[in-house]
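The structure appears below as structure tokens.
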Amino acid sequence: MTFASLLRPAPTPPSRTMSAHYWIQFSWDFSQLPEESPPFDRRFALTVAVPDDARDMEACLSRSYSTEHGWTLQMKRRLETVQSVVRRELPEGTMDFLVMRHGTRIIAACGINDREDAQSHLPTGVCVLSEYRCRGLGTFMLHECLRQLRERGLPVARVITRRGITAERYLYPKFGGVPTPMEDEVGR
Numbered sequence: 000m001t002f003a004s005l006l007r008p009a010p011t012p013p014s015r016t017m018s019a020h021y022w023i024q025f026s027w028d029f030s031q032l033p034e035e036s037p038p039f040d041r042r043f044a045l046t047v048a049v050p051d052d053a054r055d056m057e058a059c060l061s062r063s064y065s066t067e068h069g070w071t072l073q074m075k076r077r078l079e080t081v082q083s084v085v086r087r088e089l090p091e092g093t094m095d096f097l098v099m100r101h102g103t104r105i106i107a108a109c110g111i112n113d114r115e116d117a118q119s120h121l122p123t124g125v126c127v128l129s130e131y132r133c134r135g136l137g138t139f140m141l142h143e144c145l146r147q148l149r150e151r152g153l154p155v156a157r158v159i160t161r162r163g164i165t166a167e168r169y170l171y172p173k174f175g176g177v178p179t180p181m182e183d184e185v186g187r
């Protein structure tokens with residue numbers, strides 16, 4: 000075995016036309032979800048967002064996406080989608096949003112859509128500010144979102160993301176996440 004054989008092949012860069020299968024839908028069968036949560040640094044607090052958190056949560060989501068180069072070609076459209084979900088669902092209470100705080104600062108966020116027929120049960124994706132990544136916070140938040148969806152009676156959970164981004168490579172495969180290529184992001 001050589002060092003080169005251990006390296007993962009570099010992701011194929013997106014075309015300007017967003018070719019087929021640039022979108023990936025991950026799904027989780029809850030039978031593979033561990034009961035015990037991953038380790039979590041208790042300096043951080045995980046709570047359900049309230050309407051007063053909307054502005055800070057949107058800022059966290061926007062900053063998280065803006066540091067992920069894989070979203071560059073779709074950034075404006077993606078941020079508009081995320082902002083509309085937050086602005087529509089949070090005040091009405093029709094969707095929960097988990098936020099992770101370091102003191103009063105929101106450092107991570109994720110929306111939870113518990114409609115069984117949804118193409119994406121995590122419509123914002125799991126977003127962690129870049130300066131807080133690689134600490135297990137995204138893993139903990141993903142596990143908590145999946146746990147809550149399981150407790151709400153869903154048989155499976157799904158999220159749609161782009162091929163080649165950090166979450167697609169390192170986060171969403173956890174807990175038995177199974178990737179399926181998609182033609183586009185319909186239903187995001």
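So in numbering that gives the first Met the number 0, spot 166 of the sequence shown is number 165, and the numbers just go up one at a time.
All residues carry an ideal CB built from backbone N, CA and C; glycine is no exception.
All figures in this text were calculated on a predicted structure; none of them were measured in a lab.
Nearest neighbour of glutamate 150, chosen from Phe25, Trp22, Leu32, Gln24 [CA to CA]: Leu32
Residue of Thr46, Thr179, Arg77 minimising C-alpha distance to isoleucine 105: Thr46
Nearest-angstrom Cβ-Cβ length linking cysteine 59 and alanine 117, presumed shorter than 8 Å: Not really, about 22 Å apart at Cβ, beyond 8 Å.
Span of the alpha helix (DSSP H) around glutamine 31: Element bounds for glutamine 31: n/a, residue is neither H nor E.
Simplified DSSP assignment, three categories, for threonine 179: strand
Same chain, Cβ closer than 8 Å to valine 155, five either side skipped, listed in chain order: Ser26, Trp27, Asp28, Phe29
Whole-Å CB distance - isoleucine 111 paired with leucine 148, under 8 Å assumed: 7 Å
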